[in-house]
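Report on the following structure.
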Amino acid sequence: MPGRTGAWRTARGDLPLDRPRILGVVNVTPDSFWDGGRHAGVDAALARAETLLEEGADILDVGGESTRPGAQPVPAAEELRRVVPVVREIVRRWPDALVSVDTVKAEVPRAALAEGAAILNDVSGLRLDPGLGRVAAEAGAGLILMHSRGDVAEMARYATAQYGADPVAEIVDELTAATGRARDAGIADEAVVLDPGLGFSKRTEHSIAVLAQLDRIGALGRPILIGPSRKRFVGEVAGGLPPEERLEGTLAACVVGLLGGARLFRVHDVGPARRALAVAEAVRRVR
Ligand code: HH2
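Quick note: the sequence shown uses our numbering, first residue 1222, plus one each step.
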């Protein structure tokens, strides 16, 4: 099946996707919706990174700017101050760990790649800073193109979730445009992973439709990443649960996603996700 099990080209070598891969979230922010403020200093972020690696994370996704609804945009200088020392120390302590940087600004990966980061995670799908594509191309970095609409403060708001009769078709079209921007920037197809952006510019029914029809995104021929971790849609379908009661729903979404073709999973709870995905992967293999 296209995009399903090849390898993902990153600045630190190819990552085989013959098994599900997990990105553990290291948010170095005061305001992220789940872990904001918990790992905001370098030491706390490193302790978090160590836990996630012990639990089996394949990639550490370091972010210095929250995208929660109404989050305050962070100036590049502040994002650099938050992210770069953490990337530097992770690479120094765990040289084999793959690091991705969750940002929409070119200045941040430019510095982080110089410190040894391998992957850029752009939740705007190269809409907000075209310079980010050029940085990724020059470094040969892996690039996650996530679907969203609007700027950082708007992209998790329902105001950007206006769709016609077939939301998944619109998401596929917009991801196709994102891959075009990546190509225009000189990024190799093999470096690109696509993410439908669960909970971004999507009401609950849109995130569920995406999970049900991931094969339409897989048809674009690139590996798929999903990030359902403790998001609002997970709570809403279970009757309105708060973030602390959304782990089981997160695992269910990961399992459904894997069976629909996703190979990469961005989560806060790496150990539980790894255990759930091992079962789903065993089933997928004998299908
Ligand atoms: N979700 C969040 C942030 N970055 N990146 C990708 N590729 N896919 C996602 O689904 C995704 C993402 C939101 O989660 P979190 O980082 O925990 O929250 P916040 O944006 O408040 O920091």
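By construction, the Cβ of each residue, glycine as well, lies at the ideal position given by its N, Cα and C atoms.
None of these values were measured; they are calculated from a predicted model.
Residue i beta carbon near ligand 1 (any heavy atom closer than 7 Å)
| i | result |
| --- | --- |
| Ser1422 | no |
| Phe1254 | yes |
| Ser1428 | no |
| Val1246 | yes |
| Asp1490 | no |
| Arg1453 | no |
| Arg1370 | no |
| Thr1288 | yes |
| Arg1509 | The structure shown does not extend to residue 1509, since the chain is modelled only from 1222 through 1508, so no value can be given for it. |
| Val1511 | Residue 1511 is absent from the structure shown; the chain starts at 1222 and stops at 1508. |
| Arg1381 | Here residue 1381 is Thr; the residue named in the question, Arg, does not match the sequence. No, the beta carbon of Thr1381 sits no closer than 7 Å to any heavy atom of ligand 1. |
| Ile1243 | no |
Neighbourhood of residue i by C-beta, 7 Å cutoff - its chain only, sequence neighbours within 5 removed
| i | result |
| --- | --- |
| Lys1452 | Leu1419, Gly1420 |
| Ser1345 | Val1325, Ser1369 |
Cut-off 6 Å between Cβ atoms - residues of its own chain near residue i, not counting five sequence neighbours on either side
| i | result |
| --- | --- |
| Gly1224 | Residue confidence is low: Gly1224 scores 42 on pLDDT, short of 50, so the model does not pin down where it sits. Its coordinate-derived value is still stated next. Taken in chain order, the residues that qualify are Gly1439, Gly1442, Arg1443, Pro1444. |
| Pro1388 | His1427, Ala1430 |
| Ala1327 | Asp1350, Gly1352, Leu1353, Val1356 |
| Arg1470 | The sequence as given places Gly at residue 1470; Arg does not occur at that position. Hits under 6 Å: Val1455, Ala1459. |
| Glu1395 | His1368 |
8 Å CB neighbourhood of residue i in its chain, flanking five on each side removed
| i | result |
| --- | --- |
| Arg1506 | none |
| Leu1480 | Ala1501, Val1504, Arg1505 |
| Thr1400 | Leu1366, Asp1410, Val1413, Leu1415, Leu1441, Arg1443 |
| Gly1261 | Sequence check: residue 1261 is Ala here, not Gly. The answer, listed in chain order, is Val1249, Thr1250, Pro1251, Arg1303. |
| Leu1238 | Arg1225, Thr1226, Gly1227, Ala1228, Trp1229, Pro1444, Arg1484, Leu1485 |
| Gly1291 | Ala1374, Arg1378 |
| Leu1267 | Val1307, Glu1310, Ile1311, Arg1314 |
| Leu1281 | Leu1244, Gly1245, Val1247, Ala1270, Leu1273, Leu1274, Ile1311, Ala1318, Leu1319, Val1320, Ser1321 |
Continuous beta strand (DSSP E) stretch holding residue i: start and end
| i | result |
| --- | --- |
| Gly1234 | 1234-1237 |
| Gly1245 | 1242-1248 |
| Ile1365 | 1363-1367 |
| Arg1230 | 1228-1231 |
Boundaries of the alpha helix (DSSP H) in which residue i is found, first to last residue
| i | result |
| --- | --- |
| Phe1454 | 1453-1458 |
Short CB-CB distance (under 8 Å) between residue i and chain D
| i | result |
| --- | --- |
| Val1491 | Annotation note: the requested chain D is absent from the structure, which comprises a single protein chain. |
Any alpha helix (DSSP H) of 4 or more consecutive residues that is wholly inside the region 1248-1298: 1263-1275
Quick check on the DSSP output: what are the complete beta strand (DSSP E) runs of length 3 or more inside the region 1385-1425, in order along the chain? 1413-1416
Unbroken alpha helix (DSSP H) runs of length 4 or more, entirely within the region 1420-1504: which are they? 1425-1433, 1435-1439, 1453-1458, 1468-1480
Taking the runs of the alpha helix (DSSP H) that are 4 residues or longer, which of them lie wholly in the region 1300-1381? 1328-1335, 1351-1360
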